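Just so you know, we're using full-length UniProt numbering here: the sequence shown kicks off at 1 and counts up by one. In this text, a Cβ means the ideal position worked out from N, Cα and C, and glycines have one as well. Quantities reported herein were computed from a predicted structural model and do not represent experimental measurements.
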Amino acid sequence: MAALLKQNPNAYNFVIPVEHNNYILGASPELLLSKQGRIVTSNPLAGSRPKSQISEKNFVSQQELNHSEKDQHEHRIVVENIIRNLATHCVELKVSEFPDILETSTMLHLSSEFQGVLKQQAPDALNLALELHPTPAVCGSPTHVAKQFILDHEGYDRHYYTGLVGWMDAEGNGEWVVTIRCGLLSENKMRLYAGAGIVEGSDAEAEWLETEAKMQTMLNILNTKVAV
């Protein structure tokens with residue numbers, strides 16, 4: 001956990017015990033939903049590039065993200081999905097006009113910020129999060145069609161990957177993040193998870209490199225590089 005915190009100080013870092021003495025741990029960059037009183041926020045990510053150690057290369061990647069029709073479309077699908085599901089519970093909902101760039105230890109992401117004022121009888125934090133989850137970023141769109149396609153064709157069990165981790169108090173306030181950049185620790189073994197969103201215009205090699213970079217978030221705490 002100390003290594004996660006040191007290398008990802010701005011992430012939502014977590015270690016959670018699960019069944020069979022296993023632990024799910026990770027450094028999620030993605031806030032699905034936070035609720036404090038009637039104020040609700042969300043920070044979806046979609047559209048990404050691997051981060052370089054060279055600032056000039058990162059500048060080029062940021063410009064590519066800002067002008068890429070494919071990445072902007074991928075991001076817009078997620079934003080529109082959250083608007084559709086969250087707006088029904090809000091008397092006011094604002095979203096950033098254009099996506100910003102969020103940097104992690106290994107990635108550059110298109111990032112939009114939502115802030116809203118909930119209706120008096122709005123659901124609690126967990127149930128609001130469940131109405132947004134899974135977003136198109138980890139499932140696809142339309143959700144029910146994409147989910148069934150994944151079940152039929154993906155070929156393995158995601159376990160906790162792309163799920164939710166978070167907390168909620170007795171008043172229904174809480175914070176829930178998407179379970180990405182994570183691993184499942186079992187005694188002396190760790191299974192790591194990473195993936196990329198596929199849309200029209202996706203390039204197989206670029207998506208593979210993106211997946212490697214995402215995997216590196218967890219490999220860094222083990223002082224290991226991706227082996228191909």
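Terminal residues of the beta strand (DSSP E) in which residue i lies
i, result
"M190", "189-193"
"S42", "39-43"
"H121", "Here residue 121 is Gln; the residue named in the question, His, does not match the sequence. That residue, Q121, is in no beta strand (DSSP E); it is neither H nor E in DSSP."
"F14", "12-17"
Alpha-carbon to alpha-carbon, residue j and residue i
i, j, result
"T143", "M107", "26 Å"
"Q63", "V117", "33 Å"
"C139", "D169", "28 Å"
"V228", "V145", "At V228 the pLDDT is 48, less than 50, meaning the model places this residue with poor confidence; the figure from the coordinates comes in the next sentence. Those two C-alpha atoms are separated by around 32 Å."
"Y12", "F59", "25 Å"
"V15", "L219", "16 Å"
Member of the options whose CA lies at the smallest distance from the CA of residue i
i, options, result
"residue 230", "L192, R84, I198, A87", "Outside the shown range of the chain (1 to 228) lies residue 230, about which nothing can therefore be said."
"K70", "G197, G163, F114", "G197"
"L65", "P99, G166, L5", "P99"
"Q7", "P136, T104, S52, V15", "T104"
"L31", "G47, A129, S68, L5", "A129"
Contacting residues, own chain, Cβ-Cβ under 7 Å from residue i (five flanking each side not counted)
i, result
"L102", "P29, L45, H109, S111"
"H133", "L32, L164"
Near the ligand NAP: residue i beta-carbon under 7 Å from a heavy atom
i, result
"E103", "No copy of the ligand NAP occurs in the structure displayed, which carries no ligand at all."
Residue i - containing alpha helix (DSSP H), residue span
i, result
"F114", "Unbroken run through F114 is the beta strand (DSSP E), 114-118; no alpha helix (DSSP H)."
"D71", "69-86"
Cβ neighbours of residue i in the same chain (closer than 6 Å, five flanking residues each side left out)
i, result
"G201", "K70"
Contacting residues, own chain, Cβ-Cβ under 8 Å from residue i (five flanking each side not counted)
i, result
"P17", "Y23"
Exercise. Flag this pair as touching only if the stretch 173-182 and the stretch 123-137 have three or more C-beta atom pairs under 8 Å; answer yes or no.
Key: yes
>> Any contact between the stretch 19-27 and the stretch 183-190? By contact I mean 3 or more CB pairs, one from each, below 8 Å.
In response: yes
Assess contact between the stretch 39-53 and the stretch 82-89, defined as three or more Cβ pairs (one per stretch) separated by less than 8 Å. Is contact present?
yes
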